[in-house]
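Residue 1 is where the sequence shown starts when you use my numbering, and the numbers rise one by one after that.
No residue lacks a Cβ here, since even glycine has one placed at the ideal position from N, Cα and C.
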Amino acid sequence: MKEDRVKFVLVDRLEALEPGKKIVMAKNVSMAEEYLADHFPNFPVLPGVMMLEAATQTAAWLVRVQNNFAQSMVVLKEVRGVRYGTFVSPGNTLTITAEAGEITAAKSDFKVKGTVNGQTAFQAKMELAHLNLAANDAGMAKIDEMIIKAMRERWEEFKWRSGLAI
Numbered sequence: 001m002k003e004d005r006v007k008f009v010l011v012d013r014l015e016a017l018e019p020g021k022k023i024v025m026a027k028n029v030s031m032a033e034e035y036l037a038d039h040f041p042n043f044p045v046l047p048g049v050m051m052l053e054a055a056t057q058t059a060a061w062l063v064r065v066q067n068n069f070a071q072s073m074v075v076l077k078e079v080r081g082v083r084y085g086t087f088v089s090p091g092n093t094l095t096i097t098a099e100a101g102e103i104t105a106a107k108s109d110f111k112v113k114g115t116v117n118g119q120t121a122f123q124a125k126m127e128l129a130h131l132n133l134a135a136n137d138a139g140m141a142k143i144d145e146m147i148i149k150a151m152r153e154r155w156e157e158f159k160w161r162s163g164l165a166i
């Protein structure tokens, strides 16, 4: 069992990368995703909070690459100005673009947008925090190492499947 893995991996494919500036990833929405059964019965759509999590995961990959995987945790600190547009339904591909403002060792700012067939599904501004668990508890250093290793491996998978020359 891999305890170091994100439980909801909400990005499937790397589409484009401009290191330090912009990343584009895609999420293929499938009826097999359990949370769609209740959101909403007879009209399944991807919940807004899941779209924001997909955007957080997308932006986090740009942070990891920019900071050379220095921090094990890249987490959402704040989201502002969220606006939703078109519904995202099973069978759709949600394309997520995250454009970086500033990326430092401790935090980053992004403008994020999700589209389906060229129509806006959501847009927002978000701030991410970057940290290592060992910063608060030295005993967590091994966990940091495990997470960073797992994230590097996952990034290599994304790169390989993308076919991009990165």
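### Query
Going by alpha carbons, who is nearest to valine 24 out of Pro47, Ala54 and Ala37?
Sequence index remark: in the sequence shown, residue 24 carries index 24 (1-based). Ranking Pro47, Ala54 and Ala37 by Cα distance to valine 24 puts Ala54 first.
### Task
With alanine 138 as the anchor, note down where its alpha helix (DSSP H) starts and where it stops.
The sequence position of residue 138 within the sequence shown is 138, counting from 1. Here alanine 138 belongs to no alpha helix (DSSP H), and DSSP marks it neither H nor E.
### Query
Do the CB positions of leucine 164 and leucine 17 come within less than 8 Å of each other?
Counting from one through the sequence shown, the residue named residue 164 turns up at place 164. Counting from one through the sequence shown, the residue named residue 17 turns up at place 17. The answer is yes: Cβ separation under 8 Å.
### Query
Which residues in the same chain as glycine 81 place their Cβ atom closer than 8 Å to its Cβ, once the five residues preceding and following it in sequence are excluded?
In the sequence shown, residue 81 corresponds to position 81, counting from 1. The answer, listed in chain order, is Gln123, Ala124 and Lys125.
### Message
To the nearest angstrom, how far is the alpha carbon of lysine 107 from that of leucine 128?
### Response
The count along the sequence shown starts at 1 and reaches residue 107 at position 107. The count along the sequence shown starts at 1 and reaches residue 128 at position 128. Cα-Cα distance, rounded: 5 Å.
### Task
Ignore the nearest five residues each way along the sequence and tell me which others in methionine 31's own chain have a CB closer than 6 Å to its CB.
Position 31 of the sequence shown, counted from the start, is the residue given in the question as residue 31. Once the five neighbours on either side are set aside, the close Cβ partners of methionine 31 are Pro90.
### Task
Pull up the distance between the alpha-carbon of threonine 104 and that of lysine 21, whole angstroms please.
As a working mapping, residue 104 is identified with position 104 in the sequence shown. As a working mapping, residue 21 is identified with position 21 in the sequence shown. Their backbone Cα atoms lie some 13 Å apart in a straight line.
### Message
Shorter than 7 Å, the distance from the beta carbon of asparagine 136 to the closest heavy atom of the ligand GTP, or not?
### Response
Judged by which ligands are present, the structure shown has none, so any question about the ligand GTP falls away.
### Query
Which residue or residues does DSSP assign as beta-bridge partners of phenylalanine 122?
Here residue 122 is taken as the residue at index 122 of the sequence shown, counted from 1. Note: phenylalanine 122 sits in a beta bridge opposite Tyr84 and Gly114.
### Task
Would you give the residue range spanned by the alpha helix (DSSP H) that threonine 56 belongs to?
The residue labelled residue 56 in the question sits at position 56 within the sequence shown. From DSSP, the alpha helix (DSSP H) with threonine 56 extends over 48-66.
### Pairwise C-alpha distance: valine 9 and valine 45
On the sequence shown, residue 45 is found 45 positions in, with the first residue counted as 1. On the sequence shown, residue 9 is found 9 positions in, with the first residue counted as 1. One C-alpha to the other measures close to 17 Å.
### Task
Let me know the secondary structure DSSP gives leucine 76 once reduced to three states.
Within the sequence shown, the letter at position 76 stands for residue 76. Leucine 76: strand per DSSP, three-state reduction.
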